[in-house]
Amino acid sequence: MIINHPLLGPRDAAEFVYKGDAALIHRPDGMAPDALEKFIDYGYLRDNPAGEHRELWFHEQGDRSWLVVTRNTLTHEITSVELARDVARREGRSK
Amino acid sequence: MHDLIALTPLGARDPRRDHHLGHSLIEVTDVALASVAARLGREADAAALVATVTGAEAPAPARATASAFWMGPDQWMVEAPFATHEDLARQITAQANGAASVTEQTDAWCRFDLKGDRLADIFERLCNADLRRFTGGKAVRTAIEHLGCFLICRSPTHVSVIGPRSSAGSLHHALLTAMKSAL
């Protein structure tokens with residue numbers, strides 16, 4: 100499998116580490132009154148889609164950037180690769 | 002003051018030099034390193050800092066200039082002669098003005114320079130990087146012998162490998178073995 104890194108171009112998937120569902124970008128507020136329920140959800144509950152899935156990949160044997168990869172879990176086709184920081188900023192998280 | 006003897010990453014008094022069929026593998030110990038990572042919101046200032054320190058524009062992704070190379074988004078490694086820049090990180094920090102985090106890197110890495118006409122034949126046995134397509138000024142991080150290394154293509158006949166110092170022996174063995182088997 101080849102991941103088309105937005106800065107470095109196509110790189111072998113062996114250079115990357117899978118880090119989980121891209122929803123992990125949205126870490127809940129630990130000070131909120133419903134923090135316990137939110138963290139149980141955040142820590143344990145995942146969708147398991149047969150089809151398009153947004154996931155986090157870490158370019159460990161490369162430039163160490165985190166990516167949001169949209170991959171079809173049935174065909175392994177990758178339709179989009181973005182820097183996770185760009186996605187996080189766009190979705191309202193700046194740090 | 003302690004009377005200490007400086008050792009190279011391979012543990013000797015002098016840098017190791019190997020030669021094989023017109024190709025050389027030389028341990029380089031006279032270069033100081035410091036990383037420059039932009040603080041949030043100060044990315045342009047950090048790039049300007051690298052430009053000021055090195056006298057050339059901060060390298061674009063996967064590129065290197067004469068004295069700096071790209072490590073990751075908004076992060077660079079600066080190289081300078083050790084004799085005049087032993088405290089390179091401190092010198093850069095003094096000019097950083099809070100725009101970047103500067104970290105001393107000199108003794109974290111070992112560096113081996115390979116020179117010769119058939120370097121692509123050697124590196125195709127060692128890593129994913131496609132050296133045949135590299136011209137001068139290319140810098141990529143890749144795995145060699147399971148070690149995360151920077152590969153800096155200064156010209157098609159001169160490549161620097163910068164790898165973890167604590168694994169210098171393993172890296173040197175891998176490079177020398179590949180050199181002898183490929184040529």
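Chains as they are written, first to last, in our numbering: chain A, 100 to 194; chain B, 2 to 184.
For each residue, glycine too, the CB sits at the ideal point set by N, CA and C.
(message) Taking 8 Å as the threshold (C-beta atoms), are V141 of chain B and A63 of chain B in contact?
(response) yes
(request) Check whether the region 37-45 of chain B touches the region 93-100 of chain B, taking contact to mean three or more Cβ pairs, one atom from each stretch, closer than 8 Å. (result) yes
(message) So the candidates are A:K118, A:R189, A:R192, A:G108; which of them puts its Cα closest to the Cα of H152 of chain A?
(response) A:K118
(message) Rounded to whole angstroms, what is the Cα-Cα separation between A169 of chain B and L26 of chain B?
(response) 13 Å
(request) Using a Cβ cut-off of 9 Å, pull out every chain B residue sitting near S164 of chain A, in sequence order please. (result) G73, P74
(message) Given this structure, state the Cα-to-Cα distance separating K139 of chain B from H21 of chain B, to the nearest angstrom.
(response) 25 Å
(message) Give me, in chain order, the residues of the same chain whose beta-carbon lies closer than 8 Å to that of V180 of chain A; leave out the 5 immediate sequence neighbours on both sides.
(response) I102, N103, H104, P105, L166, V167, V168, T169
(message) I'd like the list of long-range same chain contacts for L11 of chain B, defined as Cβ closer than 8 Å, with 5 residues on each side in sequence excluded.
(response) R17, E28, C111, A169, G170, H173
(message) Measuring CB atoms only, is the region 141-154 of chain B touching the region 156-166 of chain A, in the sense that at least three cross pairs come out at less than 8 Å?
(response) yes
(request) Indicate whether at least one CB of chain A lies closer than 8 Å to the CB of T66 of chain B. (result) no
(request) State yes or no: is the C-beta of V160 of chain B within less than 8 Å of the C-beta of Q96 of chain B? (result) no
(message) Between which residues of its own chain and A48 of chain B is the CB-CB distance below 7 Å, once the five residues before and five after are set aside?
(response) A59
(request) Check G170 of chain B in the structure and name its three-state DSSP category. (result) helix
(message) List, in chain order, every chain A residue whose beta-carbon is nearer than 7 Å to that of G149 of chain B.
(response) Q160
(request) Since I believe P127 of chain A is in contact with A134 of chain A (beta carbons under 8 Å), could you give me their beta-carbon distance rounded to a whole number of angstroms? (result) 6 Å
(request) Tell me whether L152 of chain B sits in a helix, a strand or coil according to DSSP, three-state version. (result) strand
(request) Name the residue from A:R145, A:G129, A:I124, A:E154 whose alpha carbon lies nearest to the alpha carbon of R188 of chain A. (result) A:I124
(request) Return the bridge partner residues of D111 of chain A from the DSSP annotation. (result) A:I101
(request) Note down, in chain order, all residues in the region 107-127 of chain A with a beta-carbon under 9 Å from any beta-carbon belonging to chain B. (result) L107, G108, R110, D111, A113, E114
(message) For a contact defined as C-beta to C-beta under 9 Å, what are the partners of L182 of chain A on chain B?
(response) P74
(message) Taking its Cβ as the centre, do 16 or more other Cβ atoms sit within 10 Å of S167 of chain B, making it buried, or is it exposed?
(response) exposed
(message) For H86 of chain B and A52 of chain B, which I take to be in contact (beta-carbon distance under 8 Å), what is that distance rounded to the nearest angstrom?
(response) Rounded, the Cβ-Cβ distance is 17 Å, inconsistent with contact.
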